[in-house]
Structure formats: C-alpha cells, structure tokens
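Take 0 as the starting number for the sequence shown in numbering that gives the first Met the number 0 and just add one per residue.
Glycine included, every Cβ here is placed at the ideal spot set by N, Cα and C.
All figures in this text were calculated on a predicted structure; none of them were measured in a lab.
Here's the structure we're looking at; comments come further down.
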Amino acid sequence: MSDATADIGVIGMGVMGANLALNIAEKGFKVAVQNRTPEKAFAVRDDNPDLAGNIVPAESLEDFVKSLKTPRVAIFMVPAGQPVDDEMKKIAPLLEAGDVMVDAGNADFNDTVRRSQAVEGTGLKFVGMGVSGGELGARHGPSIMVGGAKETYPLIEPVLTKIAAKYEGEACVAWLGPDGAGHFVKTIHNGIEYADMQMIAEIYGIMRDGLKLEPAKMAEIFRDWNSRELASYLIEITAVNLDEKDPETQKPMVEVIVDEAGQKGTGRWAVIEAEKLGVGATTLEAAVAARGLSSRRSERADAARLYDKVEAGQAQFFADEAGLAELESALVTAKIIAYAQGYAAMAAASEENGWNLPLGTIAEIWRAGCIIRSHFLDDIAKAYDKGHTVVNILQSPDFVGRVAKGQAALRRVVAKAALGGIPVPALSAALAYFDDYRRARGTANLIQAQRDLFGAHTFHRFDKDGAVHHQWPAV
Ligand code: 6PG
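Following this line, the structure appears as structure tokens:
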C-alpha cells in the first residue's frame, strides 16, 4: 500500500508554518509537515492531539514527498530569500511532472518571477502566494493572495478556500495573476500596512504631544473611532496597545517601549517598486522613511539638543468633540489617499507586467484575515465592482465626495501640527499628494525649462506638436 496519504504538505515549522499546518489539519485535510530539525515537525503533531490524526510528520524530505498524494503540493513556509531557493533545489529532484511548489513566505516578487521562469519546461509548477494575518491569521484564517499559472490554481484552491478567512461567508483568497502577481500584491499590502500604522502613530503623537492625553484616554478615543469609518483591525489593536499596563512598572506599556521601529523590508520593497513604476506612493514612502529615522535614536537625541531653543508655535489641538472629530476625519481622508497610492502602484504593475490584476477582488480578499482588514476595503471593492474603470480611487465617484469633505480637516491637522512642531510625515504626504494630484496645471514646466537649459533635454509646447529645444541665454 502506498504511504501517500497527505493531501498537501508544509515545509518549515516556524510559527507561521506550524499554524498554517494546524489550520489545514483542522479543516479536515491530511497535512504532511517537514522541518530541517524533524523534532519540530513531530512536536506539531504531538502537541496537538485533537488534530494529530490529520498531521503526518516526516523524518526527512524524502519521507515528506512520499507521504504526499499526487499531484503533490508542497508549501514552503521558510524565511524569504536564499532559504526558498535552497528548499526548491532540495525538493525538485524528488518531485515529478505536475507537482506544485508553493512559496507562501513574504517573497520579493522579482524572485518569484525568476523562480517561476526557472521551473518552466521542467513539468513542475511554482506558485508565489502572499499570506497575511500573522500567527493568528495563519492558524484561524489568513487572507491569501495567489500568483502562478492559472491552470495550477484549481490544484490548491479547495484547501485554500477552506483555510482562508471569511468575510460575510466569502473566502478571502483568490488567484490574482501569473508568476509574481500574488507576492507583488502582498508587498503592496505591507506598504499600505506601513502607511496605515504610521498615520495612526502620527495621530498618537498629536494626542500625546499636542493634546497631552494619557494613553488610557487615547485608547477610549480609538475604541470610539473603531465603531465608525475607521473600523479596522489596526485601530482595534491600537486601542489595546494603549490600554495595556506594564506588569513590572504599572506604567502604560507604550511608555516603556523604545521608540525605534523594526522592519523586515517588505514596506521598502513596495516603495521601491512604486517608484520604479513611476507611481510615487508618497504616504508609504513617508512611513518607511519614518521607520528608518526612528531607529537613529541617539542621533535624534543629539539633534533635539541642538535645536532645543527652536521655538515651534503652539499646536492648537483641542480634545473636545469637534477637535477629536477633526483628527478622525483627517485620518480617514489620509487613509483613503494612502490606499489610492497603493492601488495606483498595483494598477501600474498590472499594466507593466501584463497581469490584469483584479483590483476589486484584491479589496475583497483584504476585507478579512489580513493586517489591514477593515470595512473600508468593502467600499473599495464596491467602487471597483460597479464595472466602471477606476483610474485612481481618488477619481472614483464613491470617494470623491468623502475626500472633498474630509480634506479640510486633514489640511487643518497638518497645518496645526506643522506650526506646533509635531511631525506628521505621512499625513502631510497624503495632503501634498492630494493637492498635487488635483492640480490641473502643475509646475513641471519650470523643471522642463531647467532641464532644457542645462542639458538640451527638450520640452513640449502647448501650442505646437513635438519636442523642441530653446536657445536659452548663456549662464
Ligand atoms: C502580514 C504582515 C506580515 C509582516 C509583519 C511585520 O500581512 O501578516 O504584513 O507579513 O511580516 O507585519 O512586518 P515588518 O517587520 O516589516 O513590520
């Protein structure tokens, strides 16, 4: 009798891999699990007696492959980069035509394109799949962004549909396009995640330094906001973060945490890719840059001493109903602009790579399971679902009214913060983008004139066709 009993396999029993395997097992599939140190794979089975019957730990990669039914599907949940190439190299000779390798880590989509090309002609299939939702998402329902050959998707769809998060009964998983499409979308998800988090942190900065509120009071405000337009996982966890007390000192937890943000690189990739596509995602950039500056803490402390005599004005923020409503409205508006930038990057990438990314579907599968999940994404999904082409979310009839209404609050908050010396880089990037985006006549004519003067780069005239060079006075 064949040992091949497992429906699917997961390689890499780190936190994400183990939780994904448990999720698969819980949904009634038999899952083979493998790890560099096999004890970890056996521990996943032995530590979960309720699901043990559906978990098949393997002593070796050979055993793992033997335990899989054909066509075999092996999901890699290993650190991005070289480890994925290493796993592919090890497992490929053990597989046969029709088998599928799935990279479910946070890969650089360029690597996914390269890996997809490398398997072409071998008969093996490669899927690059973005998985969002952290540890709990992996265990109970992540949002899953799939890229790869369309014909391969049905081989993994039944399992993915069962394990994915559900939004009003709909599974938050979809095939989004060939090769790197899934990982590109996950990268933009993370860039938006950075912008969302940074803008929330900027509002926290206003609450702390402008309004002098205690974290517990801020938590109350965020909880209140979570019942309206801003309702989202990130706002919800912010309230929890702000309410928490340090058991050792009894101080608010956020006050004992060093103000240096970590980053693993996906947010930076989003910004780099957007720039390469000529779509400046400036709120995402501001968020990545702010994380970078946050980690130069001693340098900031030196600068603070150098400029301690600099008088910023008074930040005129008020913690009354109107003042808080203004902050809320500013955050909503900036958030719409950040998402518009992320979506613009995806639209440009779709065109550049011929992916035909289903932008409405992406909003749909982000409504639950992922870190940026929110009801707001349902609004974006609806804007795309209406069938009309959405050039940019800021031009969608569903959002024009909201942005037109909210922009005044964003403007006031950014202006007051600037006058009061409270940094709001992502909020101001959102406002600047909005103002630049809605200006029919910009200032690039001067840049063209400068380029033409120093480098004869030519320019176009309003009144004639074709590129021309002007004989500028000698400088
Ligand atoms: C997710 C997250 C996740 C990411 C963390 C940390 O969608 O589940 O995006 O993939 O790794 O959020 O990212 P940073 O370390 O870059 O902040």
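Comparing alpha-carbon positions, which option in 325, 347, 233 and 257 lies nearest residue 275?
Out of 325, 347, 233 and 257, the CA that lies nearest to the CA of residue 275 is found in 347.
What do you get for residue 15, buried or exposed, if any count of 16 or more other CB atoms within 10 angstroms of its CB means buried?
Only buried fits residue 15, as 16 or more other CB atoms lie within 10 angstroms of its CB.
Of the residues 46, 53 and 49, which one's Cα is nearest the Cα of residue 6?
Out of 46, 53 and 49, 53 has the C-alpha closest to the C-alpha of residue 6.
Within the continuous beta strand (DSSP E) that includes residue 294, where are the two ends?
For residue 294, there is no enclosing beta strand (DSSP E), as DSSP gives it neither H nor E.
Residue 468 burial status per 10 Å Cβ neighbour count (16 or more: buried):
Counting the other CB atoms within 10 Å of its CB gives residue 468 a total below 16, which places it among the exposed residues.
Are the beta-carbon atoms of residue 389 and residue 383 separated by less than 8 angstroms?
Judged by their CB atoms, residue 389 and residue 383 are nearer to each other than the 8 angstroms cut-off.
Quick one: what's got a C-beta closer than 7 angstroms to residue 31's C-beta in the same chain, skipping five residues either side?
Excluding sequence neighbours, residue 31 sits near 5, 8, 55, 57, 63, 66 and 67.
With three or more C-beta pairs closer than 8 angstroms as the rule, is the stretch 428 to 436 touching the stretch 247 to 265?
Between the stretch 247 to 265 and the stretch 428 to 436, the count of C-beta pairs closer than 8 angstroms stays below three; the two stretches do not touch.
Buried or exposed: residue 190, going by 16 or more other Cβ atoms within 10 Å of its Cβ?
Buried, by the Cβ-count rule.
Judging by CA-CA distance, which residue of 458, 410 and 367 is the nearest neighbour of residue 133?
Minimum Cα distance to residue 133 is reached at 367.
Run of the alpha helix (DSSP H) containing residue 453, from where it starts to where it stops
For residue 453, the enclosing alpha helix (DSSP H) starts and ends at 443 to 454.
Three or more C-beta pairs below 8 angstroms linking the stretch 340 to 354 and the stretch 167 to 183:
With a cut-off of 8 angstroms, the stretch 167 to 183 and the stretch 340 to 354 count as touching, because enough Cβ pairs lie within range.
Whole-Å CB distance - residue 397 paired with residue 377, under 8 angstroms assumed:
Contact between residue 397 and residue 377 does not hold, since their C-beta atoms are separated by about 11 angstroms, which reaches or exceeds 8 angstroms.
Please report the residue range of the alpha helix (DSSP H) in which residue 253 lies.
Segment 252 to 255, the alpha helix (DSSP H) holding residue 253.
Any heavy atom of the ligand 6PG closer than 7 angstroms to the CB of residue 262?
Result yes, Cβ under 7 angstroms from the ligand 6PG.
Report the three-state DSSP secondary structure of residue 116 (helix, strand or coil).
Helix.
Minimum C-alpha distance to residue 502 - residue among 93, 95 and 112:
Limits of the chain in this structure are 0 at one end and 474 at the other, which puts residue 502 out of reach.
C-alpha distance - residue 310 paired with residue 316, whole-angstrom precision
Going by the C-alpha atoms only, they are around 17 angstroms apart.
C-beta contact flag for residue 129 and residue 185 at 8 angstroms
Contact: yes.
Comparing alpha-carbon positions, which option in 284, 109 and 321 lies nearest residue 429?
In this structure, 284 is the residue among 284, 109 and 321 with its C-alpha nearest to the C-alpha of residue 429.
Simplified DSSP state of residue 306, which is helix, strand or coil:
It is coil, neither helix nor strand.
Under 7 angstroms from any heavy atom of the ligand 6PG, does the C-beta of residue 391 make it?
For the ligand 6PG, no non-hydrogen atom lies closer than 7 angstroms to the CB of residue 391.
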